[in-house]
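Okay, so here's the structure we're looking at.
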Amino acid sequence: MSYSDLAVAIIATAIFTVAFLAIYKYLINPQKVLTLAKSQCPDRWSYNSLTKQCEPQYQTHCTAFDPNATTLQTASAKCNVAQSCGTSWPGNCP
């Protein structure tokens with residue numbers, strides 16, 4: 002085996018490895034790539050800029066609330082509110 006054959010084999014292996022990792026990372030297992038930005042309101046809730054409150058977009062026993070309230074300063078507090086309303090809060094709930 003000559004050096005040029007060895008070089009071709011190494012380069013081909015490197016290209017295959019990089020291509021495989023890119024395909025795996027972005028197509029097969031994308032959740033490891035996508036980082037969830039902290040949203041202003043829980044899933045299926047929308048922020049009303051006039052009232053400055055998160056309002057539900059589905060039937061729930063929960064009422065609108067201020068996402069900047071002093072009682073909702075930690076991610077765990079926000080996650081607890083979302084889970085008690087039957088939803089999740091991206092960026093705050095694990």
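Numbering of the sequence shown is given in my numbering, commencing with residue 2 and proceeding in unit increments.
Every residue, glycine too, gets a C-beta built ideally from N, C-alpha and C.
These figures come from a predicted structure and were not determined experimentally.
task = Using alpha carbons as the reference points, say which of C63, N49, V82 and K26 lies closest to T72.
result = V82
task = Determine the burial state of N69: buried for a count of at least 16 other Cβ atoms within 10 Å of its Cβ, exposed for fewer.
result = It is exposed - the Cβ of N69 has fewer than 16 other Cβ atoms within 10 Å.
query = If you drop the 5 nearest sequence neighbours on each side, which residues of the same chain put their C-beta closer than 6 Å to that of Q41?
reply = Y48 and P68
ask   = Helix, strand or coil: which one does DSSP assign to S47?
value = strand
inquiry  = Only counting the same chain, and skipping five residues up and downstream in sequence, which positions put a Cβ closer than 8 Å to that of R122?
reply    = Look at the range of the chain in this structure, 2 to 95, and you will see that residue 122 is not part of it.
ask   = T52 and C86: beta carbons closer than 8 Å?
value = For T52 and C86, no; Cβs fall outside 8 Å.
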